[in-house]
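Participant: Attaching a single structure in structure tokens format; questions to follow.
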Amino acid sequence: MTVIHPDDQDLYAEAIAHLSPADAARLCGPAHGGETRQDSVRLGLEALAAEMPQIEVVLIHDGARPFSSPDMVARAWEAAKAHGAAVPGLALTDTVKEIDAQGRVVATPQRAMLRTVQTPQAFRFDLILKAHRNAAQAQQSGLTDDAAIAEWAGHSVHIFEGERTNMKITSSEDIGLAESKLLGTLLDVRMGQGFDVHAFGPGDHIWLGGLKIPHDHGLVGHSDADVLSHAITDAILGAIADGDIGSHFPPSDPQWRGAASSIFLQEAMRRLRARGGVLAHLDATIICEKPKIGPHRDAIRESLAALTGVSLDRIAVKATTSEHLGFTGREEGMAAMAIVTVRLPL
Ligand code: MG
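Taking the numbering used here, I'd label the letters of the sequence shown as residues 17 to 362.
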């Protein structure tokens, strides 16, 4: 159960877009949160109770901690089953001082008896749901984690081993650290290439990279004949060695007649993300005499950035004529070439 702000519905949809329909169907929620963390967790638990009342154990996790490992989740689960309430803790390496309002040290607690705690915090579901309900009823606010709610309700909370890598992203400096940590796991760097051709036919516009461009001809194809999107789709599929556009969207299948090629490109991106990969760079060349691509270049790049979810500075679109030579030179059709770099986990 994901708990989100009601205004973040679109961000949530974007965040789960890479999931296959089967995986997306296994998610419950999202639930809408409240004013404080405590309210949000309680509302999430209530939503969970309504959707899956039979569950035994619940793990409550901060979305700002993206790096907790499967091992840690397993430890959390076991600890909740064994103790009813358990949280991951780390021994301190720095000495802690207690200070007064003037910033003077008033005490030095014994470090060996202190732990910093993280999430996922793990509980028997009925125990923590009841504790949250009672705290809300008693208007007991200001409890900053779920262990504190359980303690307030009189339960003893056990500590299991946390992870130093399970960092909480709270500052812009943390975002930089998290990104480099994430990139450090994507060491399988691959390139893919794609090429496509479509013939000109009657019409008053063409599609390039998901952008509609007025022209005195159209392009002929089973789908919308977006020659650029097709080349890029094949390049991405090539980089992950996952077939080609024709194998995923056979021209013999009537459902793709006239289809927007953005569907094909977004499916290739979904397949890449489903493998934990990112698109690091895309470089494409359009080959035609007309229309002139220059005036549309940045709008095409922006369209591709929106379709792929990749920033504009990683997307290049170039164009060339073929000096009136060959089929593109005779203005019988257009061609496009694309090359991409992707990064996957090893
Ligand atoms: Mg094509």
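Glycine is no exception: its CB is placed at the ideal position from the N, C-alpha and C atoms.
For clarity, every value in this text was computed on a predicted model and none was experimentally measured.
I'd like to know whether the C-beta atoms of valine 243 and methionine 350 end up nearer to each other than 8 Å.
Facilitator: Locating residue 243 in the sequence shown gives position 227, counting from the first residue. Locating residue 350 in the sequence shown gives position 334, counting from the first residue. Against a cut-off of 8 Å, the Cβ pair of methionine 350 and valine 243 comes out as a contact.
Participant: Between Leu35, Gly170, Asp260, Arg149, which lies nearest to phenylalanine 290 when the distance is taken from Cα to Cα?
Facilitator: Counting from 1 along the sequence shown, the entry for residue 290 is found at position 274. Rather than phenylalanine, the amino acid found at residue 290 in this sequence is alanine. For the residues Leu35, Gly170, Asp260, Arg149, the minimum Cα distance to alanine 290 belongs to Leu35.
Participant: Do you know whose CA, among Arg53, Ile279, His77, lies nearest methionine 17's CA?
Facilitator: The residue given as residue 17 occupies position 1 in the sequence shown. Comparing Cα-Cα distances from methionine 17 to each of Arg53, Ile279, His77, the minimum goes to His77.
Participant: Residues bridged to glycine 217 by DSSP?
Facilitator: The residue labelled residue 217 in the question sits at position 201 within the sequence shown. Its beta-bridge partners are Gly234.
Participant: Beta-carbon within less than 6 Å of lysine 334's beta-carbon, same chain only, minus the 5 sequence neighbours each way: which residues are those?
Facilitator: The sequence position of residue 334 within the sequence shown is 318, counting from 1. Answer for lysine 334: Thr301, listed in chain order.
Participant: Find the nearest neighbour of phenylalanine 280 within the set Gly254, His246, Asp87, judged by alpha-carbon distance.
Facilitator: Against the sequence shown, residue 280 aligns to sequence position 264. The shortest C-alpha separation from phenylalanine 280 is found at His246.
Participant: Counting pairs of beta carbons, one from the segment 137-145 and one from the segment 70-85, are three or more of them closer than 8 Å?
Facilitator: Yes: the two stretches touch, three or more of their Cβ pairs being nearer than 8 Å.
Participant: Within its chain, find whatever has a CB closer than 6 Å to the CB of leucine 224; leave out the 5 residues flanking it on each side and keep chain order.
Facilitator: Locating residue 224 in the sequence shown gives position 208, where the first residue counts as 1. If we look at leucine 224 and ignore the five residues flanking it on each side, its Cβ neighbours are Leu244, Ile316.
Participant: Can you list the beta strand (DSSP E) stretches of 3 or more residues lying completely in the segment 266-338, in chain order?
Facilitator: Qualifying beta strand (DSSP E) stretches, in chain order: 294-303, 331-336.
Participant: Unbroken beta strand (DSSP E) runs of length 3 or more, entirely within the segment 174-222: which are they?
Facilitator: Segments of the beta strand (DSSP E) lying fully in the segment 174-222: 174-177, 204-217.
Participant: Have a look at Gly292, Ser157, Gly200, Thr186 and flag the residue whose alpha-carbon is nearest the alpha-carbon of arginine 53.
Facilitator: Translated into the one-based positions of the sequence shown, residue 53 becomes position 37. Residue Ser157 is the option with its Cα nearest to arginine 53.
Participant: Could you tell me which residues DSSP pairs with proline 104 in its beta bridges?
Facilitator: Translated into positions along the sequence shown, residue 104 becomes position 88. Beta-bridge pairing links proline 104 to Phe176.
Participant: Going straight from the alpha carbon of phenylalanine 216 to that of glutamate 348, what length do you get?
Facilitator: Residue numbering aside, residue 216 sits at position 200 when the sequence shown is read from its first letter. Residue numbering aside, residue 348 sits at position 332 when the sequence shown is read from its first letter. One C-alpha to the other measures close to 6 Å.
Participant: According to DSSP, is glutamate 72 helix, strand or coil?
Facilitator: As a working note, residue 72 is residue 56 in the sequence shown. In the structure shown, glutamate 72 sits in coil (DSSP, three-state: anything other than H, G, I, E or B).
Participant: Do valine 358 and valine 294 have their C-beta atoms within less than 8 Å of each other?
Facilitator: Residue mapping note: residue 358 aligns to position 342 of the sequence shown, counting from 1. Residue mapping note: residue 294 aligns to position 278 of the sequence shown, counting from 1. In contact: valine 358 and valine 294 (Cβ atoms closer than 8 Å).
Participant: Does the contact criterion of 3 or more C-beta pairs under 8 Å hold for the segment 170-182 versus the segment 86-96?
Facilitator: Yes: at least three Cβ pairs fall under 8 Å.
Participant: Measuring CA to CA, which of Ala322, Lys306, Ser196 is closest to phenylalanine 343?
Facilitator: Here residue 343 refers to the residue found at position 327 of the sequence shown. With distances taken between Cα atoms, phenylalanine 343 lies closest to Lys306.
Participant: Going by the beta-carbon positions, is the gap between arginine 287 and isoleucine 256 smaller than 8 Å?
Facilitator: Position 271 of the sequence shown holds residue 287. Position 240 of the sequence shown holds residue 256. Yes. Within cutoff.
Participant: Any residues whose CB sits closer than 5 Å to a heavy atom of the ligand MG? List them in chain order?
Facilitator: Taking each Cβ in turn, the ones that pass are Asp212, His246.
Participant: Using only CA atoms, which one of Arg91, Phe211, Ile252, Ala241 lies nearest to phenylalanine 139?
Facilitator: What you label residue 139 is simply residue 123 of the sequence shown in a count that begins at 1. When each option's Cα is compared against that of phenylalanine 139, the closest is Arg91.
Participant: Taking Cβ to Cβ, would you say lysine 184 is nearer than 8 Å to alanine 80?
Facilitator: Here residue 184 corresponds to residue number 168 of the sequence shown, with the count starting at 1. Here residue 80 corresponds to residue number 64 of the sequence shown, with the count starting at 1. Yes, these two residues count as a Cβ contact at 8 Å.
Participant: Nearest CA to the CA of alanine 332: which residue from Gly345, Leu362, Ala296, Arg346?
Facilitator: On the sequence shown, residue 332 is found 316 positions in, with the first residue counted as 1. With distances taken between Cα atoms, alanine 332 lies closest to Ala296.
Participant: At the level of alpha carbons, what is the spacing between leucine 193 and aspartate 24?
Facilitator: The count along the sequence shown starts at 1 and reaches residue 193 at position 177. The count along the sequence shown starts at 1 and reaches residue 24 at position 8. Their backbone Cα atoms lie some 25 Å apart in a straight line.
Participant: Measure the beta-carbon distance from serine 239 to serine 277 and round it to whole angstroms, keeping in mind my assumption that it falls under 8 Å.
Facilitator: On the sequence shown, residue 239 is found 223 positions in, with the first residue counted as 1. On the sequence shown, residue 277 is found 261 positions in, with the first residue counted as 1. That belief holds up - the Cβ atoms of serine 239 and serine 277 are roughly 5 Å apart, short of 8 Å.
Participant: Label histidine 340 either buried or exposed according to how many other C-beta atoms from any shown protein chain fall within 10 Å of its C-beta, with 16 as the threshold for buried.
Facilitator: Your numbering for residue 340 matches position 324 in the sequence shown. So histidine 340 counts as exposed.
Participant: For the segment 135-171, which segments carrying the beta strand (DSSP E) assignment without a break, of at least 3 residues, lie completely within its bounds, in sequence order?
Facilitator: Counting whole runs of 3 or more residues, the segment 135-171 contains the beta strand (DSSP E) stretches 137-140.
Participant: Would you grab the beta carbon distance between glycine 210 and glycine 254 for me? Rounded to a whole angstrom, and I think it's under 8 Å.
Facilitator: Numbered from 1 along the sequence shown, position 194 holds the residue referred to as residue 210. Numbered from 1 along the sequence shown, position 238 holds the residue referred to as residue 254. That belief holds up - the Cβ atoms of glycine 210 and glycine 254 are roughly 6 Å apart, short of 8 Å.
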